[in-house]
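Take a look at the structure below.
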Amino acid sequence: MAKLILTHEVTGLGAPGDVVDVKDGYARNYLVPRGLATTWSKGAEKEITAIRRARKTREIATLDEARAVRDSLQGNPVTVSAKSGDAGRLFGAVTTAEIAEAVKAAGGPSIDRRKIEVAQPIKSTGEYAVQVRLHPEVSAKLTVKVVAA
1 MAKLILTHEV
11 TGLGAPGDVV
21 DVKDGYARNY
31 LVPRGLATTW
41 SKGAEKEITA
51 IRRARKTREI
61 ATLDEARAVR
71 DSLQGNPVTV
81 SAKSGDAGRL
91 FGAVTTAEIA
101 EAVKAAGGPS
111 IDRRKIEVAQ
121 PIKSTGEYAV
131 QVRLHPEVSA
141 KLTVKVVAA
């Protein structure tokens, strides 16, 4: 087992700053090469505190604020325009960064793109449901309408 410090949020494993034990192959072949984690050492305690401090400034502070943001997101569908062919099939896919920009452009709160979870890649026009993790206890279901540009 390898002991690592997560530098980014990994679904099902932990948040930035968490110290986790994972199998050697998962650490060597996936987490470390992609920059999602660094190896743990005695001097890494300063790094852990810096990561946690930065995470606290970015995340929504209280549960009440998260619930208010959830209510505003669920009440307002977001429209994303993308280039598409004749049958409504997109040239590429709609990314989480594009969804986050569309929320901000629609007058909503700024959302970190890493907090948006898309179940299946969005590759055609239509209406899709996207999950947004706002707080460890609160998540919002956002409606994304994809239209042809």
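Note that UniProt numbering numbers the sequence shown so that position 38 is 38, with each residue one more than the last.
Think of the CB as a built atom: it goes at the ideal place given N, C-alpha and C, for glycine as much as any other residue.
Since this is a predicted model, take the numbers as computed values, not measurements.
Confirm, please, whether the CB-CB distance from M1 to D18 is below 9 Å. One-based indexing of the sequence shown puts residue 18 at position 18. One-based indexing of the sequence shown puts residue 1 at position 1. No, these two residues do not count as a Cβ contact at 9 Å.
Could you tell me which residues DSSP pairs with I122 in its beta bridges? Within the sequence shown, residue 122 is the residue found at index 122, counting from 1. Beta-bridge pairing links I122 to V94.
What's the call for K115, buried or exposed, on a 16-neighbour Cβ count within 10 Å? Start at 1 with the first residue of the sequence shown, and residue 115 comes out as number 115. Sixteen is the threshold: when 16 or more other Cβ atoms of the shown chains lie within 10 Å of the Cβ of K115, as they do, the residue is buried.
Whose CA, out of R70, V22, S124 and R52, lies closest to the CA of V94? Numbered from 1 along the sequence shown, position 94 holds the residue referred to as residue 94. It is S124.
Which whole-angstrom value describes the C-beta separation of T11 and I51, a residue pair presumed to lie in contact below a C-beta threshold of 8 Å? Looking up residue 11 in the sequence shown gives position 11. Looking up residue 51 in the sequence shown gives position 51. Incorrect: roughly 18 Å between the Cβ atoms, too far for contact.
Classify A100 as helix, strand or coil using the three-state DSSP reduction. The count along the sequence shown starts at 1 and reaches residue 100 at position 100. Taken through DSSP and simplified to helix, strand or coil, A100 comes out as helix.
Could you give the C-beta distance for K145 and P77, rounded to a whole number, given that I count them as a contact under 8 Å? Translated into the one-based positions of the sequence shown, residue 145 becomes position 145. Translated into the one-based positions of the sequence shown, residue 77 becomes position 77. Their Cβ separation, rounded to whole angstroms, is 6 Å, which keeps K145 and P77 in contact under 8 Å.
Are the beta-carbon atoms of G126 and G88 separated by less than 9 Å? To locate residue 126, count along the sequence shown from 1; it is residue 126. To locate residue 88, count along the sequence shown from 1; it is residue 88. Yes.
Taking three-plus beta-carbon pairs below 8 Å as touching, is the region 131–139 in contact with the region 62–71? The region 131–139, when compared against the region 62–71, does touch it at the 8 Å Cβ threshold.
For L13 and V20, I'd like the C-alpha separation in whole angstroms. Your numbering for residue 13 matches position 13 in the sequence shown. Your numbering for residue 20 matches position 20 in the sequence shown. Cα to Cα, the separation comes out at about 8 Å.
Assigned exposure category for T117 - 16 Cβ within 10 Å defines buried: Start at 1 with the first residue of the sequence shown, and residue 117 comes out as number 117. A small correction: the amino acid at residue 117 is Glu; Thr does not occupy that position in the sequence shown. Exposed: under 16 other Cβ atoms inside 10 Å.
Using alpha carbons as the reference points, say which of K83, A105 and A44 lies closest to I5. Stepping through the sequence shown from its first residue, residue 5 is reached at position 5. Selected option, being the one with the closest Cα: A44.
I'd like the ranges of any alpha helix (DSSP H) spanning at least 4 consecutive residues and lying wholly in the region 26–87. Correct list: 45–58 and 63–75.
As assigned by DSSP and simplified to three states, the class of D21: If you number the sequence shown from 1, residue 21 lands on position 21. Residue state for D21 is assigned as strand, using DSSP reduced to three classes.
Measuring straight from C-alpha to C-alpha, what distance separates I122 and K42? Position 122 of the sequence shown holds residue 122. Position 42 of the sequence shown holds residue 42. Here the alpha carbons of K42 and I122 stand approximately 43 Å from one another.
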